[in-house]
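**Q** Here's a structure for you.
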Amino acid sequence: MTDEGPRPPHPSPARGEPLDGALLGAGVPDAPTGGWHTASVSGLRRPIQRSVELRLDVHDRMEHIPGQHYVVRLTAEDGYTAQRSYSIASAPGDPLIELFIERLDDGEVSTYLADVVEPGDELEVRGPIGGWFVWDGQTPALLVAGGFGVVPFVAMLRHAKTLGREDLLRIAVSSRTLAELPYAEELMDAGALIVLTREGHGIRPASRLTAPELVPLWEPGQTAYVCGSASFAEAGSQLLMSMGVPAHSIRVERFGPSGPPAGP
Amino acid sequence: MTRPTRGFLGRRQRDPRLPPGQYDVGADWPVLTAEPTPRITPETWSITVDGRVENPTTWTWDEAHALPPSEYRGDIHCVTTWSKFDTRFGGISVDTLLEIARPTAEAHFVMATSKTGYTTNLPLEHVTGGKAWVVWDFDGKPLPIEHGGPVRLLVPHLYFWKSAKWVTKLTLMTRDQPGFWEQNGYHDLGDPWRQQRYQGD
Chain Y
1 MTDEGPRPPH PSPARGEPLD GALLGAGVPD APTGGWHTAS VSGLRRPIQR SVELRLDVHD
61 RMEHIPGQHY VVRLTAEDGY TAQRSYSIAS APGDPLIELF IERLDDGEVS TYLADVVEPG
121 DELEVRGPIG GWFVWDGQTP ALLVAGGFGV VPFVAMLRHA KTLGREDLLR IAVSSRTLAE
181 LPYAEELMDA GALIVLTREG HGIRPASRLT APELVPLWEP GQTAYVCGSA SFAEAGSQLL
241 MSMGVPAHSI RVERFGPSGP PAGP
Chain X
1001 MTRPTRGFLG RRQRDPRLPP GQYDVGADWP VLTAEPTPRI TPETWSITVD GRVENPTTWT
1061 WDEAHALPPS EYRGDIHCVT TWSKFDTRFG GISVDTLLEI ARPTAEAHFV MATSKTGYTT
1121 NLPLEHVTGG KAWVVWDFDG KPLPIEHGGP VRLLVPHLYF WKSAKWVTKL TLMTRDQPGF
1181 WEQNGYHDLG DPWRQQRYQG D
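Protein chains in written order, with my numbering: chain Y, 1 to 264; chain X, 1001 to 1201.
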């Protein structure tokens, strides 16, 4: 510091700032990170509107952990590329990688995948990726999804079935309508709480997910996973904290026009 | 060289400000975090510089605001492939904090820690020389909490997960250590012009 100019008030000696909880670390130690591979489209379905389910045969595939994602990269003739991340819906034991992609009207990758791709096409993919929003298959978990946020939870559910440990998972899903919810039947068969915001469901009138509905699913020791749009993820994680779920037990994956997952 | 994807035309307009694989998000500013949004007020916020420094120091909100102001105008790039042009952030330069804390000769890396326990690691030379800020204003207004307010780190030449939201501590280190995303599959440095998104890039 120089002697010229006004002096700032004398700063305090380092005393540090208490954190909200422990430092955030690896979600699962040594989660696999795969490189670029060619994938053949071996199956393609459109079970609900404005979306596409792709079943990909990924050459030299590395086994993933439920909750991880793949990147799909498209390359134009002139070398221009666009890439987006999509959560995996398939269990690690599935020989194919299943993605369920919401078609965004202005999404240059999702419109291509939903409108142009045909079985037999080859796509460039990278994965698996991500070590935070993943489930180890051994610990109890509360899964809270909004809309297409169910996709990583379907991978977890399928993996739990393979392991015979469906008892470890509690699932709550919010969607505008049942017709817009990916994997609705599979989730209902698994006993998931289904909450619809735009139509009634059984005796439940249309409304948002509430704490009294979520409380019976919560048990101390669970890790809570919240996946959905930025606004759903914010509301869902605040709902959990209002129930007393500690912030450090909550893992959040927010997606928006740019897809999951991300840094700040 | 990757083969073209059948039937993919790509966007016609290519802005030279876009690093490879990025797109212009326009006026939007997506919110992406791995943890719940904390509740922080300016009164409860402070920033500490510690570790390999001669003068470990903590600044309160008022003390930090009394330091010489510094501004960043330019673009930001998120690893999820959006970029945002012509942003304007106000706060202080990280250089100012380091001038007071005085890194020792063996300080080569920095770990930024957030109130939530989020961490991210950076080489020291990437936060010095006018390349990094601690910011509390966006477009002349207080930085919203969902975007890291009241105060976040800003290292705009790297992918935005390096710009830790809710930053409260910078720890100078001799050796590099992985931060949060760096332990979870993401690249150690994160240079968008070299597409350093994931481990191994």
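Here a beta-carbon is modelled for each residue, glycine too, at the ideal position from N, C-alpha and C.
On a predicted model such as this, the values are computed, not experimentally measured, just so you know.
Does the separation of the CB atoms of residue 64/Y and residue 92/Y fall below 9 Å?
**A** yes
**Q** Considering only C-alpha positions, which residue in the set 1140/X, 1118/X, 1037/X and 1126/X is nearest to residue 1091/X?
**A** 1140/X
**Q** Does the beta carbon of residue 1134/X sit closer than 9 Å to a beta carbon anywhere in chain Y?
**A** no
**Q** Grab the span of the beta strand (DSSP E) containing residue 152/Y for me, first residue to last.
**A** Here residue 152/Y belongs to no beta strand (DSSP E); instead the alpha helix (DSSP H) covers 151-163.
**Q** Chain Y partners of residue 1180/X, CB-CB under 9 Å?
**A** 23, 24, 25, 26, 132 and 263
**Q** Tell me which residues share the same chain as residue 1020/X and place their Cβ nearer than 7 Å to its Cβ, disregarding the 5 neighbours each side in the sequence.
**A** 1195
**Q** Under 7 Å Cβ-Cβ, which residues of chain Y neighbour residue 1009/X?
**A** Per Cβ cutoff of 7 Å: 76.
**Q** Using three-state DSSP, classify residue 7/Y as helix, strand or coil.
**A** Interpretation of residue 7/Y is limited by its pLDDT of 47, a score under 50 that renders its predicted location unreliable; the figure taken from the coordinates is listed afterwards. Three-state DSSP puts residue 7/Y in coil, outside helix and strand.
**Q** What residue from 1083/X, 1016/X, 1147/X and 1072/X has the CA that sits closest to residue 1093/X's CA?
**A** If we check each option's Cα against that of residue 1093/X, 1072/X comes out closest.
**Q** In the DSSP assignment, what are the bridge partners of residue 83/Y?
**A** 73/Y
**Q** For residue 1162/X, which residues from the same chain have a beta carbon less than 7 Å from its beta carbon, with the 5 sequence-adjacent residues on both sides left out?
**A** 1120, 1122, 1155 and 1190
**Q** Roughly how many whole angstroms lie between the Cα atoms of residue 122/Y and residue 38/Y?
**A** 7 Å
**Q** Where does residue 167/Y land, buried or exposed, given buried means 16+ other C-beta within 10 angstroms?
**A** Exposed.
**Q** Would the segment 122-134 of chain Y count as touching the segment 1175-1192 of chain X if we require 3 or more Cβ pairs under 8 Å?
**A** Output reads yes: the segment 1175-1192 of chain X touches the segment 122-134 of chain Y.
**Q** Using beta carbons (cut-off 9 Å, strictly below), is residue 1156/X in contact with chain Y?
**A** So no, residue 1156/X is outside the interface.
**Q** Since residue 1117/X contacts residue 157/Y with CB under 8 Å, what's their CB separation in whole angstroms?
**A** With a Cβ gap of about 28 Å, residue 1117/X and residue 157/Y do not count as contacting.
**Q** Return the CA-CA distance between residue 1173/X and residue 1108/X, expressed in angstroms with no decimal places.
**A** 6 Å
**Q** Can you say whether residue 262/Y is buried or exposed, counting buried as having 16 or more other CB atoms within 10 angstroms of its CB?
**A** Bear in mind that the predicted position of residue 262/Y carries a pLDDT of just 35, short of 50, making it unreliable; the figure below should be weighed with that in mind. By the neighbour-count definition (other C-beta atoms within 10 Å, threshold 16), residue 262/Y is a buried residue.
**Q** Report the residues of the segment 1024-1036 of chain X with a CB closer than 8 Å to any CB of chain Y, ordered along the chain.
**A** 1025, 1028, 1030, 1031, 1032, 1033, 1034, 1035 and 1036
**Q** Would you tell me roughly how many angstroms separate the C-alpha atoms of residue 31/Y and residue 50/Y, rounded to the nearest one?
**A** So the two alpha carbons sit approximately 32 Å from each other.
**Q** Hey, residue 172/Y and residue 196/Y: beta-carbon distance below 9 Å or not?
**A** no
**Q** Exposed or buried, which one is residue 254/Y when buried takes at least 16 other CB atoms within 10 Å?
**A** buried
**Q** Counting only Cβ pairs nearer than 9 Å, list the residues of chain Y close to residue 1115/X.
**A** 17, 18, 19 and 20
**Q** With 8 Å as the C-beta to C-beta threshold (strictly closer), list the residues of the segment 1159-1190 of chain X near chain Y in chain order.
**A** 1159, 1160, 1161, 1162, 1163, 1164, 1165, 1168, 1169, 1180, 1181, 1183, 1184, 1185 and 1186
**Q** Output, in chain order, the set of chain Y residues within a Cβ distance shorter than 8 Å of residue 1200/X.
**A** 33 and 35
**Q** Please tell me whether residue 1072/X has its Cβ less than 9 Å away from any Cβ of chain A.
**A** Among the chains of the structure shown, chain A does not appear; the protein chains present are Y and X.
**Q** I'd like the list of long-range same chain contacts for residue 208/Y, defined as Cβ closer than 8 Å, with 5 residues on each side in sequence excluded.
**A** 174, 195, 197 and 235
**Q** Would you say residue 189/Y lies against chain X (beta-carbon separation less than 9 Å)?
**A** no
**Q** I need the straight-line Cα distance from residue 1024/X to residue 200/Y, nearest angstrom please.
**A** 39 Å
**Q** Of all Cβ atoms in chain X, is any one closer than 9 Å to the Cβ of residue 248/Y?
**A** It does; some Cβ of chain X falls within 9 Å.
**Q** Quick check: what's the CA-CA separation for residue 113/Y versus residue 1046/X?
**A** 47 Å
**Q** Please classify residue 43/Y as buried or exposed, where buried requires at least 16 other C-beta atoms within 10 Å of its C-beta.
**A** exposed
**Q** With respect to the alpha helix (DSSP H) encompassing residue 1065/X, which residues constitute its N-terminal and C-terminal limits?
**A** 1061-1065
**Q** Quick one: any contact between the segment 103-118 of chain Y and the segment 146-160 of chain Y, if contact means 3 or more CB pairs under 8 Å?
**A** no
**Q** To the nearest whole angstrom, what separates the beta carbons of residue 124/Y and residue 1002/X, a pair I think is in contact under 8 Å?
**A** 6 Å
**Q** Buried or exposed for residue 1036/X, going by 16 or more other Cβ atoms inside 10 Å?
**A** buried
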